[in-house]
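Chemist:
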Amino acid sequence: MLQTFAVIDFETTGLSPAHGARPTEVAAVLVRNGQIYDQYHSLMNAGVYVPPMIEALTGISNAMVRSAPNVNVVMGEVAEFVGRYPLVAHNAAFDCKFWDAEFQRLKLKRQQEFICSLLLARRVYPGAYSHKLNVLAKYLGLPAAERYHRALADAQVTAHLLLDIKENLKRRFALSQVTSDLLLTLQKTPAKKMAGHIEKYSAAINSSA
DNA sequence: TGCCAGGCCCTCTTTAGGGCCTT
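In our numbering, each number is its position in the first sequence, counted from 1, plus 139.
1. The beta strand (DSSP E) with A195 in it runs from where to where?
2. Have a look at G266 and S319 and give me their C-alpha separation to the nearest angstrom.
3. Is it buried or exposed for P162, if we count other Cβ within 10 angstroms and need 16 for buried?
4. Along the beta strand (DSSP E) that carries T324, what are the first and last residues, could you check?
5. In chain order, what are the residue ranges of uninterrupted beta strand (DSSP E) at least 3 long that sit wholly in the region 175-243?
6. When the distance is taken between beta carbons, is E241 closer than 8 angstroms to V263?
7. Would you kindly report the start and end of the unbroken beta strand (DSSP E) that includes R171?
8. For the candidate residues S256, P190, T197, F144, whose alpha-carbon lies nearest to that of E285?
9. Measure from the alpha carbon of T152 to the alpha carbon of each residue in G280, M203, L169, then state which is nearest.
10. Would DSSP call A313 helix, strand or coil?
11. For T297, which of helix, strand or coil comes out of DSSP?
12. In the structure shown, what three-state DSSP assignment does A157 receive?
13. Please identify the residue among Y268, A218, Y224 whose C-alpha is closest to the C-alpha of K246.
14. Considering only the alpha carbon of each residue, which of A185, E194, P225 lies closest to V213?
15. Please classify V227 as buried or exposed, where buried requires at least 16 other C-beta atoms within 10 Å of its C-beta.
16. From V221, C255, G215, pick the residue whose C-alpha is nearest to that of F233; which is it?
17. Assuming A260 is part of the alpha helix (DSSP H), what are its boundary residues?
18. Put A284 into one of helix, strand or coil per three-state DSSP.
19. With DSSP collapsed to three states, give me the class of E150.
20. If contact is defined by three or more beta carbon pairs under 8 angstroms, each pair taking one atom from either stretch, is the region 281-300 in contact with the region 154-174?
21. In the DSSP assignment, the alpha helix (DSSP H) including A276 goes from what residue to what residue?
22. Assuming contact is defined by CB atoms lying nearer than 8 angstroms, are L301 and V170 in contact in what I supplied?
Below, the structure written as structure tokens:
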């Protein structure tokens, strides 16, 4: 059975919702059968100030945010768009914090786990000199983004990274498919023990294919 | 005005420290 993954990326006003940071933009990219087949993207207005450093980093200005749809509308739309598909993000701990904080404001509860492409990339590509998203994209020869630090571009690059990770694992360990359950396990598995865990999973995965 | 976090992971570690990664 083909599995769908929802790759998401937030641009925000800072690093922590616990200190008042809010999202300014979100993108979600649906990945299935080795390719991107749908995507959602929107700026959003949470009524917060965009610091100059963030505007310089992302190109998202206070004027852009002021004229964007309300944060509650956008979060409702992106939640509906991703449904119950497993969520994927680069450094998922960051996006998970903002996802959960905005869901809490809407009195919604997250339905699925977050898969972290950063944790996976550190295990699958230990030779990369950095595991930043843009560095990995260049290192792996992934389709280049027009610019980084915009939600849709970063989500698209992360989607290609996820596909590359899955293909790498399939090739190296002769897997017929790479499930979200396997990725959730691997991202918590020490790199040295990864092969052992995959062998344990591969028999069940291949027999059910 | 525009401050600020925190989990992972390595090592000169485990009674800790510091770099990486996200905005």
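Where is the CB? At the ideal position from N, CA and C, for every residue including glycine.
Modeler: To lay it out plainly:
1. Counted from its first residue, the first sequence places residue 195 at position 56. From DSSP, A195 is part of no beta strand (DSSP E) but of the alpha helix (DSSP H) over 191-197.
2. Walking along the first sequence from the start, residue 266 turns up at place 127. Walking along the first sequence from the start, residue 319 turns up at place 180. The straight-line gap from Cα to Cα measures roughly 24 angstroms.
3. As a first step, residue 162 is located in the first sequence; it is residue number 23 there, counting from the start. The residue in question, P162, is buried, as its Cβ has 16 or more Cβ neighbours within 10 Å.
4. Residue 324 sits at position 185 when you count from the first residue of the first sequence. T324 -> not in any beta strand (DSSP E); alpha helix (DSSP H) instead, spanning 319-325.
5. 226-228
6. For the purposes of this step, residue 263 is taken as residue 124 along the first sequence, with counting starting at 1. For the purposes of this step, residue 241 is taken as residue 102 along the first sequence, with counting starting at 1. No, these two residues do not count as a Cβ contact at 8 angstroms.
7. Start at 1 with the first residue of the first sequence, and residue 171 comes out as number 32. Here the beta strand (DSSP E) through R171 covers 162-171.
8. Numbered from its first residue, the first sequence carries residue 285 at position 146. Out of S256, P190, T197, F144, T197 has the C-alpha closest to the C-alpha of E285.
9. Along the first sequence, one-based indexing puts residue 152 at 13. Of the listed residues, the one whose Cα sits closest to T152 is M203.
10. Your numbering for residue 313 matches position 174 in the first sequence. A313: coil per DSSP, three-state reduction.
11. Numbered from its first residue, the first sequence carries residue 297 at position 158. It is helical.
12. Taking the first sequence and counting its residues from 1, one reaches residue 157 at position 18. Three-state result, A157: helix.
13. The residue labelled residue 246 in the question sits at position 107 within the first sequence. Among Y268, A218, Y224, the Cα nearest to that of K246 is on A218.
14. In the first sequence, the residue the question calls residue 213 occupies position 74. The shortest Cα separation from V213 among A185, E194, P225 belongs to A185.
15. Counting from 1 along the first sequence, the entry for residue 227 is found at position 88. Buried, because 16 or more other Cβ atoms sit within 10 Å of the Cβ of V227.
16. Position 94 of the first sequence holds residue 233. When each option's Cα is compared against that of F233, the closest is C255.
17. For the purposes of this step, residue 260 is identified with residue 121 of the first sequence, where counting begins at 1. A260 -> alpha helix (DSSP H) spans 256-263.
18. Working through the first sequence from its first residue, we reach residue 284 at position 145. Note: A284 maps to coil in three-state DSSP.
19. By one-based count along the first sequence, residue 150 stands at place 11. Of the three classes helix, strand and coil, the one that applies to E150 here is strand, per DSSP.
20. yes
21. Counting from 1 along the first sequence, the entry for residue 276 is found at position 137. Segment 272-279, the alpha helix (DSSP H) holding A276.
22. The sequence position of residue 301 within the first sequence is 162, counting from 1. The sequence position of residue 170 within the first sequence is 31, counting from 1. Yes, these two residues count as a Cβ contact at 8 angstroms.
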